[in-house]
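One structure is given below, encoded as structure tokens.
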Amino acid sequence: MDGWSAAPAVLPSTLGIPSGMVTHGPLAHLTNDASAGFSGLEAFGELGSGGFGVVHLVREIGSATLKAAKVLDRKVGSALHLLRNEIYVHSLVSHSLEGGCHPNIVRLDNVIANMKKVTLVMEHCSGGTLSDLSSRLGNEVLTDAAVAGLLLPVARGLAHLHSVG
Numbered sequence: 001m002d003g004w005s006a007a008p009a010v011l012p013s014t015l016g017i018p019s020g021m022v023t024h025g026p027l028a029h030l031t032n033d034a035s036a037g038f039s040g041l042e043a044f045g046e047l048g049s050g051g052f053g054v055v056h057l058v059r060e061i062g063s064a065t066l067k068a069a070k071v072l073d074r075k076v077g078s079a080l081h082l083l084r085n086e087i088y089v090h091s092l093v094s095h096s097l098e099g100g101c102h103p104n105i106v107r108l109d110n111v112i113a114n115m116k117k118v119t120l121v122m123e124h125c126s127g128g129t130l131s132d133l134s135s136r137l138g139n140e141v142l143t144d145a146a147v148a149g150l151l152l153p154v155a156r157g158l159a160h161l162h163s164v165g
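full-length UniProt numbering puts the first residue of the sequence shown at 1, with every later residue one more than the last.
Here's what the structure looks like:
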């Protein structure tokens with residue numbers, strides 16, 4: 001499984017993440033321990049890919065809960081600031097509510113990094129994408145109520161993001 005072999009992890013500071021951020025949340029899992037590599041995940045297949053990496057369907061060994069693992073290549077230098085920002089925002093949002101993340105925002109559970117790759121282990125959302133929905137619908141048009149049902153959770157999640165800064 002390419003990209004899933006164990007490798008030493010790196011400290012968040014090598015990603016340009018302020019050390020004060022590692023006291024809570026997913027960033028607290030980043031250590032220099034070699035066991036913090038990808039060895040704790042079992043991959044079941046690719047969910048999708050893009051210009052910066054690949055998303056795999058995974059589960060943590062010993063758990064039945066499926067998760068999404070976004071594996072990003074650290075060599076994509078121009079995108080490193082986007083990665084830092086994504087981790088930072090997820091860390092803020094994941095702990096902005098008592099009891100965890102907002103129900104309309106994908107939860108970041110862990111960040112695993114080595115010298116070549118960074119993996120964001122996230123909540124798996126099994127409902128599919130808007131592109132999947134569009135393909136299923138073909139030329140069929142959604143009702144106003146269906147569109148509202150799709151957009152209301154997005155608006156709630158966005159409102160929460162704005163409320164935490």
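All C-beta atoms in this analysis are idealised placements derived from N, C-alpha and C, irrespective of residue type, glycine included.
Sub-8 Å separation of residue i and residue j beta-carbons
| i | j | result |
| --- | --- | --- |
| K70 | M122 | yes |
| G45 | E60 | no |
| G48 | V55 | yes |
| I87 | G157 | no |
| L92 | V118 | no |
Residue i classed as buried or exposed, judged by whether at least 16 other C-beta atoms fall within 10 angstroms
| i | result |
| --- | --- |
| V111 | buried |
| C101 | buried |
| G53 | buried |
| V141 | exposed |
| L72 | buried |
| A146 | exposed |
Beta strand (DSSP E) segment containing residue i, residue limits
| i | result |
| --- | --- |
| A113 | 108 to 113 |
| A64 | Note, A64: premise wrong, no beta strand (DSSP E); not H, not E. |
| V141 | Where V141 is concerned, there is no enclosing beta strand (DSSP E), given that its DSSP letter is neither H nor E. |
| G48 | 41 to 49 |
| K117 | 117 to 123 |
C-beta neighbour in chain C for residue i, strict 8 Å
| i | result |
| --- | --- |
| P103 | Absent from the structure: chain C. Only one protein chain is present. |
Straight-line gap, residue i to residue j (C-alpha atoms, nearest Å)
| i | j | result |
| --- | --- | --- |
| V154 | E42 | 30 Å |
| A159 | A113 | 31 Å |
| L130 | G50 | 16 Å |
| L152 | A64 | 30 Å |
| L108 | L150 | 22 Å |
| A148 | G165 | 25 Å |
| residue 192 | K75 | Here the chain covers residues 1 to 165 and nothing more, so residue 192 does not appear. |
| G62 | L120 | 19 Å |
| D144 | L80 | 39 Å |
| residue 178 | S163 | Here the chain comprises residues numbered 1 to 165, so residue 178 is not present and cannot be evaluated. |
| V89 | R136 | 33 Å |
| N85 | N139 | 38 Å |
Start-to-end residues for the alpha helix (DSSP H) that takes in residue i
| i | result |
| --- | --- |
| A155 | 144 to 163 |
| R136 | 130 to 137 |
> Looking at C-beta atoms only, is the number of pairs between the stretch 122 to 142 and the stretch 49 to 69 that lie closer than 8 Å three or more?
Replying inline: yes
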